[in-house]
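Worksheet: the structure to be examined is printed underneath.
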Amino acid sequence: MRDLKKWFLNDLMNEEAEEQINASRYERNSNRKDYRNGYKQRSLLTTDGKVILDKPQFRETSFHTAVFDNYSRVERAVESIILESYLSGVSTRSVNKVIKSLDVQVSPSYVSSLSSWLDKTVNEFLERKIDGVYKFIYIDGTYLKIRDNGRYRNKAIYICVGINSDGYREILGASIYDSETEIEWELFFDDLEDRGLNGVELVISDGNKGIREAVKQSFPGSSWQYCHVHFMRNLRKLMGKQQWNDISLLIKQALDNPDILPVLQDKLFDRGLDKCSSMFDRYYDSLYNYRTFNTNIQGLRRLRVSNTIERLNEEIKRRTKKIGAFPSDDSAMRLAGSIMIDTNEEYVTGRKYINMEEINSQ
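Numbering (the numbering used here) for the sequence shown: 68 to 429.
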C-alpha cells in the first residue's frame with residue numbers, strides 16, 4: 068500500500084505540474100508558462116508509514132499542490148481508490164470523485180488512464196518474449212477464489228519458473244485456467260513455446276496427472292521429476308504417525324540414493340505398507356531423473372524439489388488472504404502478476420540458483 072500510494076500521489080503531482088505550466092514533459096508548446104526543474108523530495112506521513120514523494124519544481128515560478136495540504140483529510144478515500152484500481156479495475160467516476168476531494172485539477176484523459184496502467188505493466192511482463200535456453204523449469208498451480216458468471220469458484224493460476232543459461236531463476240509465465248487438466252496444461256505450455264521457450268530437459272513439479280501427461284506431449288525428449296517433498300507428503304498419507312516416525316529417515320535416504328531402495332522396500336513389506344511400496348514402483352522412473360545432471364550437492368537438491376515455486380505460491384496466498392475473493396480473472400492476475408514482477412526482480416538480481424557451467428560441461 069505504501070508503494071502504491073507513492074506511485075499514485077507522485078503521478079498526481081506530475082499531472083498537476085502539467086496543468087500549471089500548460090505543457091507535458093518535453094513538449095514544444097508556445098503557450099508554455101514555465102519549464103521543469105527537477106524534483107524536491109518531501110515526506111508525507113500516512114497510515115501505512117512515511118512516504119517520500121517527488122515534488123516537481125519549476126525554473127521561474129513555484130509549483131503548488133493540494134496533495135500535502137488535503138491528503139490527511141481524504142486518506143481513506145485515496146486508499147479505497149488505490150485498492151479498487153489495484154484489484155478490480157477502477158471506474159472513471161470513482162477516481163474523479165477522489166481527485167476532486169483533493170482539490171487537484173487534472174484532465175479527464177488522465178483520470179481514464181489510471182485504470183489501465185497496472186494491467187499494461189503486468190501483461191507486458193507475462194507476455195514478453197522468452198530468449199535463450201531453459202533446461203530446467205518448475206511448474207505449479209495455485210488456487211484463488213474468483214467470481215465467474217455470478218458465483219465464486221476456485222480457479223488455478225498456472226506458473227512457470229525457469230533456470231536461464233546463467234543459472235538464475237526467472238518467472239517465464241502465468242495464466243488462469245478453470246482447473247488442472249492435461250489439455251489446459253498443454254495450452255499453457257504451447258503459449259510458453261510460442262513465446263520462445265526451448266531446450267527444456269527437466270520439468271520439476273508435484274504429482275499432478277495433468278502436468279505429467281502434458282509434459283510428454285509438449286516437451287518430447289525431456290524428463291519429468293516428481294518433487295520429493297510432494298512425493299513424501301503423499302506417502303505420509305498412507306501410514307500412521309508412528310510408522311512414519313520409524314521409517315521416514317530411511318525413505319529420505321532412499322530418495323537420495325536408489326541403491327538403498329531395496330532395503331526400504333523390504334521394510335515396507337514387513338510393516339504391511341504395500342501401498343507405499345507400490346508408490347515407489349509406480350513413480351520410480353520419475354524420482355531420480357535429477358541425478359543425471361552433473362552439478363554440486365546443492366544443485367542436485369534444488370533439481371529434485373519445487374521449493375522455489377512453492378515459496379512463490381505461499382507469497383501469493385499470503386498477499387491475497389485478506390482479499391478473500393476476486394471479482395474477475397483480470398483482478399486476480401493484476402495482483403498475482405504484480406507480486407511475480409517483484410519476485411522476478413529478486414530472482415534475476417540475487418544469487419545464482421544452479422551452477423550451469425558444471426551442467427553444460429557434461
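The beta carbon of each residue, even a glycine, is placed where N, CA and C say it ideally should be.
In this text the structure is predicted, and so the values were computed from the model without any measurement.
Remark: C-beta atoms of residue 246 and residue 281 do not approach each other more closely than 8 Å. The Cβ-Cβ distance between residue 203 and residue 421 falls below 8 Å. Taken in chain order, the complete beta strand (DSSP E) segments of 3 or more residues contained in the stretch 274 to 353 are 290 to 293.
Scanning 271, 301 and 122 for the CA closest to the CA of residue 74 turns up 122.
The C-beta of residue 286 has 16 or more other C-beta atoms within 10 Å across all chains shown, which makes the residue buried.
Linking residue 401 to residue 393 through their CA atoms gives a straight-line distance of about 10 Å.
Collapsing the DSSP output to three states places residue 130 in coil. Taking one beta carbon from each stretch, the stretch 296 to 315 and the stretch 257 to 268 have fewer than 3 pairs nearer than 8 Å; the two do not touch. Membership of residue 203 in the beta strand (DSSP E) is indicated by the continuous run 203 to 215.
With fewer than 16 other beta carbons inside 10 angstroms of its own, residue 199 counts as exposed. Nearest neighbour of residue 253 by Cα position, chosen from 193, 225 and 268, turns out to be 225. In chain order, 211, 213 and 393 place their CB closer than 6 Å to the CB of residue 399, counting only its own chain and leaving out the 5 sequence neighbours on each side. Per the coordinates, the alpha-carbon of residue 217 lies some 16 Å from the alpha-carbon of residue 391.
Under the rule that a run must span 4 or more residues, the alpha helix (DSSP H) segments found entirely inside the stretch 345 to 427 read 364 to 370, 374 to 387, 396 to 416 and 423 to 427.
In the structure shown, residue 81 falls within a helical segment according to DSSP collapsed to helix, strand and coil.
When 249, 270, 256 and 233 are compared, the shortest CA-CA separation from residue 277 is found for 249. In the DSSP assignment, residue 88 is bridged to no other residue. Taking 8 Å as the upper bound for CB-CB distance, residue 215 and residue 377 are not in contact here, some 26 Å apart. Contact check for residue 413 against residue 362 fails: the beta carbons are separated by 8 Å or more. Counting of Cβ neighbours within 10 angstroms places residue 234 among the buried residues, the total reaching 16 or more.
Sixteen is the threshold: when 16 or more other Cβ atoms of the shown chains lie within 10 Å of the Cβ of residue 292, as they do, the residue is buried. Within the same chain, 322, 371 and 372 come within 6 Å of residue 295 by CB-CB distance, once the 5 residues on both sides are set aside. The Cβ neighbour count for residue 351, taken over all protein chains shown within 10 Å, is under 16; the residue is labelled exposed. For residue 113, DSSP records a beta bridge to 116. For residue 237, the enclosing beta strand (DSSP E) has its first and last residue at 236 to 244. Around the CB of residue 416, fewer than 16 other CB atoms lie within 10 Å, so the residue is classed as exposed. Cβ-Cβ separation between residue 236 and residue 375: approximately 6 Å, consistent with a contact (criterion under 8 Å). Between residue 406 and residue 381 a beta carbon distance of about 11 Å is seen, past the 8 Å cut, so the two are scored as non-contacting. Counting along the chain, residue 271 sits inside the beta strand (DSSP E) bounded by residues 269 to 272. The Cβ neighbour count for residue 93, taken over all protein chains shown within 10 Å, is under 16; the residue is labelled exposed. For residue 250, there is no enclosing beta strand (DSSP E); the enclosing alpha helix (DSSP H) has its first and last residue at 249 to 261. Residue 111 and residue 118 have their C-alpha atoms spaced approximately 5 Å apart. When rounded, the separation of the alpha-carbon atoms in residue 120 and residue 91 is 20 Å.
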